[in-house]
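Undergrad:
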Amino acid sequence: MRLAIFSDCDHTKSPEGEIGSDVHILVRQMEALAAYFSEVHIFCPFIPYSKEIPITTYKNKNIHFLPLTSVGGNTLADKIKIIKQIPIWFKAYKKANSLSDIVYQRFPNNLNIPGFFYFFIIRKKVFATYTGTWDENQGQSFSYILQKWLLKHFYRGPIGVYSISNFLPSKIFKSFSPSYSLIEWNEEFDNVAEKVKSIINNGLPKLSMITVGSFIEYKNQQYILDTCLLLKNHEIQFHLFMVGDGVLRSQYQQFISDNSLGNQITITGKLNYTEVRKLYRKTDFVIQAPTLEGFGKVPVEGYFHGTLPIINNISLAGYLTQENTLGFLFSANEKKSLFDVLMFIQKHPNVVANRIQDSRLFAKQFTLESWAEEYNQRIKSYYSNFEKSI
């Protein structure tokens with residue numbers, strides 16, 4: 000079976016001719032999914048290559064690319080650019096129809112809104128992922144809510160969503176985005192065992208932490224920085240790695256400089272997934288404080304490495320921490336909430352050691368292999384039943 004994929008994640012071509020993206024997880028997921036298809040055609044925006052941005056490249060020779068223009072933004076000029084691209088997108092939909100037996104659409108994004116109607120009208124076999132929060136609409140744009148409504152009521156294919164609801168329609172299933180393979184889960188066994196042993200024997204004299212994500216408003220890294228200042232003022236030993244980049248980087252750098260936190264906080268910029276893995280291995284806690292989030296891939300990545308997530312208690316945070324029994328929860332609405340959690344952690348290292356061991360088993364279900372197999376089985380089951388009902 001031939002597959003066409005529509006994604007709005009920017010891709011690029013290296014000077015060596017390799018194609019990849021700085022959305023490392025997407026590359027790895029698409030390669031895992033491609034194992035079930037004879038050929039794969041990815042329709043996605045391409046941007047100029049920059050050696051400053053680390054990318055993960057595709058290795059599967061059965062994956063082919065059809066470049067689109069990268070558009071998006073909130074200004075009127077941005078919207079006009081999007082409108083101008085719609086005729087080009089329709090040509091891409093037509094091309095995808097001829098090249099594939101089934102189309103995979105990743106929502107929410109602008110590219111797949113007209114595509115939803117095109118493939119609906121021609122009755123193309125489709126399946127989808129909705130990567131935003133499925134169970135609630137708080138803080139979501141009208142466009143996101145509209146796409147969710149269209150998928151729920153009119154989509155003609157199976158849909159994987161980030162949800163903890165037990166009352167989903169039959170075509171909609173729970174699917175959480177993976178980052179690592181089963182091989183990589185096994186590779187971390189010795190490293191995690193050493194972490195647990197060190198914590199049991201030595202406690203946590205220094206809090207070693209990492210946060211990963213774009214430096215944008217709703218990721219709320221400023222709350223984490225404010226907590227770091229509290230740790231410094233209380234003479235608590237710590238180090239925080241901030242992995243990412245974005246419009247707020249200069250603001251964060253200024254805060255670090257103004258408060259003499261340069262020895263305790265390192266901004267790494269963007270890293271590829273191999274480099275991020277190295278940091279997970281040398282840290283004990285991954286801290287995320289978003290005010291709006293779907294399924295947090297970063298906390299699950301932390302579990303793989305024995306790096307316990309400490310996350311703001313919104314959306315799926317309760318599920319990700321198994322109601323505060325694997326990782327830890329705090330409230331970003333309270334100034335000292337994260338600080339208090341970190342103080343509890345430092346005083347109870349045995350709790351940390353036990354949760355690291357338990358969380359590894361929880362993380363094992365979120366592998367690339369199990370994710371791709373789930374989609375493969377859902378597609379087969381859905382269209383088998385669909386064809387029988389015609």
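Residues 0 to 389, numbered by numbering that gives the first Met the number 0, are exactly what the sequence shown covers, in order. Positions of the beta carbon are idealized from the N, C-alpha and C atoms, including for glycine. Nothing here was measured: the structure is a model prediction, and the numbers come from that model.
#1: How big is the Cα-Cα spacing for F240 and K147?
#2: Is it buried or exposed, L278, if we count other Cβ atoms within 10 angstroms and call 16 or more buried?
#3: Could you give the distance in angstroms between the alpha-carbon of F365 and the alpha-carbon of S256?
#4: Between the region 105 to 120 and the region 81 to 94, do three or more beta carbon pairs fall short of 8 Å?
#5: Curious, which full-length alpha helix (DSSP H) runs of at least 4 residues does the region 229 to 311 contain?
#6: For N73, count neighbouring C-beta atoms within 10 Å of its own C-beta (all shown protein chains included) and say buried if the count is 16 or more, exposed if not.
#7: Going by beta carbon distance, what residues of the same chain come within less than 8 Å of I389, once the five residues before and after it are set aside?
#8: Counting contacts by CB-CB distance shorter than 9 Å, is Y217 in contact with chain D?
#9: Put C227 into one of helix, strand or coil per three-state DSSP.
#10: Determine the contact status of A371 and Q28, defining contact as a CB-CB distance below 9 Å.
#11: Could you tell me the boundaries of the beta strand (DSSP E) in which G19 lies?
#12: What is the rounded straight-line gap between the Cα of Y161 and the Cα of V297?
#13: I need the straight-line Cα distance from K205 to V299, nearest angstrom please.
#14: Are the region 272 to 292 and the region 219 to 231 touching, with three or more C-beta to C-beta distances below 8 Å?
#15: Cα-Cα, which of A331, C227, R354 is closest to N323?
#16: Nearest-angstrom Cα distance between I310 and Q345?
#17: Pick from F303, Y48, F188, K80: whose alpha carbon is nearest that of G16?
#18: Entirely within the region 39 to 86 and at least 3 residues each: give me those beta strand (DSSP E) ranges in chain order.
#19: Indicate the three-state DSSP secondary structure (helix, strand or coil) for I182 in the structure shown.
#20: Around the Cβ of S380, are there at least 16 other Cβ atoms within 10 angstroms (buried) or fewer (exposed)?
#21: Please report how far the alpha carbon of I215 lies from the alpha carbon of R377, in whole angstroms.
#22: Bridge partners of V102, per DSSP?
#23: Pairs of beta-carbons, one from the region 336 to 345 and one from the region 135 to 151, closer than 8 Å: are there three or more?
#24: Hey, out of G131, T267, G305, whose CA is closest to S176's CA?
#25: Note the first and the last residue of the continuous beta strand (DSSP E) segment covering G431.
#26: What is the DSSP secondary structure of F329, counted as helix, strand or coil?
#27: Can you give the beta carbon distance from A362 to F303, rounded, assuming they're within the 8 Å contact cut?
#28: Could you tell me the alpha carbon to alpha carbon distance between S13 and F338, rounded to whole angstroms?
#29: Using a Cβ-Cβ cut-off of 8 Å (strictly less than) and excluding sequence neighbours within five positions of E390, which residues of its own chain qualify?
#30: Closer than 7 Å by C-beta to P157: which residues in its own chain qualify, once you throw out the five before and the five after it? Chain order, please.
#31: Using a Cβ-Cβ cutoff of less than 8 Å, which residues in the same chain neighbour D244 once the five nearest sequence positions on both sides are dropped?
#32: Cα separation between A331 and S358?
#33: Using DSSP with H/G/I as helix, E/B as strand and the rest coil, what is S97?
#34: Determine the contact status of G317 and L328, defining contact as a CB-CB distance below 9 Å.
TA: Short version:
#1: Walking along the sequence shown from the start, residue 240 turns up at place 241. Walking along the sequence shown from the start, residue 147 turns up at place 148. So the alpha carbons of these two residues sit roughly 35 Å apart.
#2: Translated into positions along the sequence shown, residue 278 becomes position 279. Under this definition L278 is a buried residue.
#3: Locating residue 365 in the sequence shown gives position 366, where the first residue counts as 1. Locating residue 256 in the sequence shown gives position 257, where the first residue counts as 1. Roughly 39 Å separates the two Cα atoms.
#4: Verdict: yes, contact present.
#5: The region 229 to 311 contains these whole alpha helix (DSSP H) runs: 248 to 257, 272 to 281, 296 to 303.
#6: In the sequence shown, the residue the question calls residue 73 occupies position 74. N73 counts as exposed, since fewer than 16 other beta carbons sit within 10 angstroms of its beta carbon.
#7: Here residue 389 is taken as the residue at index 390 of the sequence shown, counted from 1. Residue placement at I389 is flagged as unreliable, the pLDDT there being 45, under the threshold of 50; the coordinate-derived value follows with that caveat. If we look at I389 and ignore the five residues flanking it on each side, it has no Cβ neighbours.
#8: Although the question refers to chain D, the structure presented lacks it and comprises just one protein chain.
#9: Residue numbering aside, residue 227 sits at position 228 when the sequence shown is read from its first letter. Correct three-state label for C227: helix.
#10: Counting from 1 along the sequence shown, the entry for residue 371 is found at position 372. Counting from 1 along the sequence shown, the entry for residue 28 is found at position 29. One thing to note: A371 has its Cβ within 9 Å of the Cβ of Q28.
#11: In the sequence shown, counting from the first residue as 1, residue 19 sits at position 20. Note, G19: beta strand (DSSP E), 18 to 20.
#12: On the sequence shown, position 162 is the one that residue 161 refers to. On the sequence shown, position 298 is the one that residue 297 refers to. Whole-angstrom Cα-Cα distance: 14 Å.
#13: Mapped onto the sequence shown, residue 205 falls at position 206. Mapped onto the sequence shown, residue 299 falls at position 300. Rounded to the nearest angstrom, the gap between the Cα atoms of K205 and V299 is 23 Å.
#14: They touch, by the three-pair rule.
#15: Numbered from 1 along the sequence shown, position 324 holds the residue referred to as residue 323. Restricting attention to A331, C227, R354, the CA atom closest to the CA of N323 is found in R354.
#16: Taking the sequence shown and counting its residues from 1, the one referred to as residue 310 is at position 311. Taking the sequence shown and counting its residues from 1, the one referred to as residue 345 is at position 346. Rounded to the nearest angstrom, the gap between the Cα atoms of I310 and Q345 is 17 Å.
#17: Translated into positions along the sequence shown, residue 16 becomes position 17. The alpha carbon of G16 has as its nearest neighbour, out of F303, Y48, F188, K80, the alpha carbon of Y48.
#18: For the region 39 to 86, whole beta strand (DSSP E) runs of length 3 or above, ordered along the chain, are 62 to 68.
#19: In the sequence shown, counting from the first residue as 1, residue 182 sits at position 183. In the structure shown, I182 sits in a helix (DSSP, three-state: H, G or I).
#20: The residue given as residue 380 occupies position 381 in the sequence shown. S380 is exposed by the Cβ-count criterion.
#21: Taking the first residue of the sequence shown as 1, we reach residue 215 at position 216. Taking the first residue of the sequence shown as 1, we reach residue 377 at position 378. Each residue's alpha carbon lies about 35 Å from the other.
#22: For this step, residue 102 is matched to residue 103 along the sequence shown. Beta bridge pairing from DSSP links V102 with A3, V125.
#23: Contact between the region 336 to 345 and the region 135 to 151 is not established, with fewer than three Cβ pairs separated by less than 8 Å.
#24: By one-based count along the sequence shown, residue 176 stands at place 177. With distances taken between Cα atoms, S176 lies closest to G131.
#25: There is no way to answer for residue 431, as the model of the chain reaches only from 0 to 389.
#26: Counted from its first residue, the sequence shown places residue 329 at position 330. In the three-state scheme derived from DSSP, where H, G and I count as helix and E and B as strand, F329 is classed as strand.
#27: Start at 1 with the first residue of the sequence shown, and residue 362 comes out as number 363. Start at 1 with the first residue of the sequence shown, and residue 303 comes out as number 304. With 8 Å as the limit, A362 and F303 qualify as a contact, their Cβ atoms being about 5 Å apart.
#28: Here residue 13 refers to the residue found at position 14 of the sequence shown. Here residue 338 refers to the residue found at position 339 of the sequence shown. Going from the Cα of S13 to the Cα of F338 covers about 43 Å.
#29: This structure does not reach residue 390, given that the chain is present from 0 up to 389, and the question cannot be answered.
#30: Mapped onto the sequence shown, residue 157 falls at position 158. Cβ within range, chain order: F126, K170, F172, R377, I378, Y381.
#31: The residue you call residue 244 lines up with position 245 of the sequence shown. Excluding its 5 nearest sequence neighbours in each direction, D244 has C-beta neighbours in its own chain below 8 Å: S213, F214, G268, K269, listed in chain order.
#32: Reading the sequence shown from its first residue, position 332 is the one you call residue 331. Reading the sequence shown from its first residue, position 359 is the one you call residue 358. Using only the alpha carbons, I get a separation of about 23 Å.
#33: For this step, residue 97 is matched to residue 98 along the sequence shown. In the structure shown, S97 sits in a helix (DSSP, three-state: H, G or I).
#34: Locating residue 317 in the sequence shown gives position 318, counting from the first residue. Locating residue 328 in the sequence shown gives position 329, counting from the first residue. Yes, the pair counts as a contact, with Cβ atoms nearer than the cut-off.
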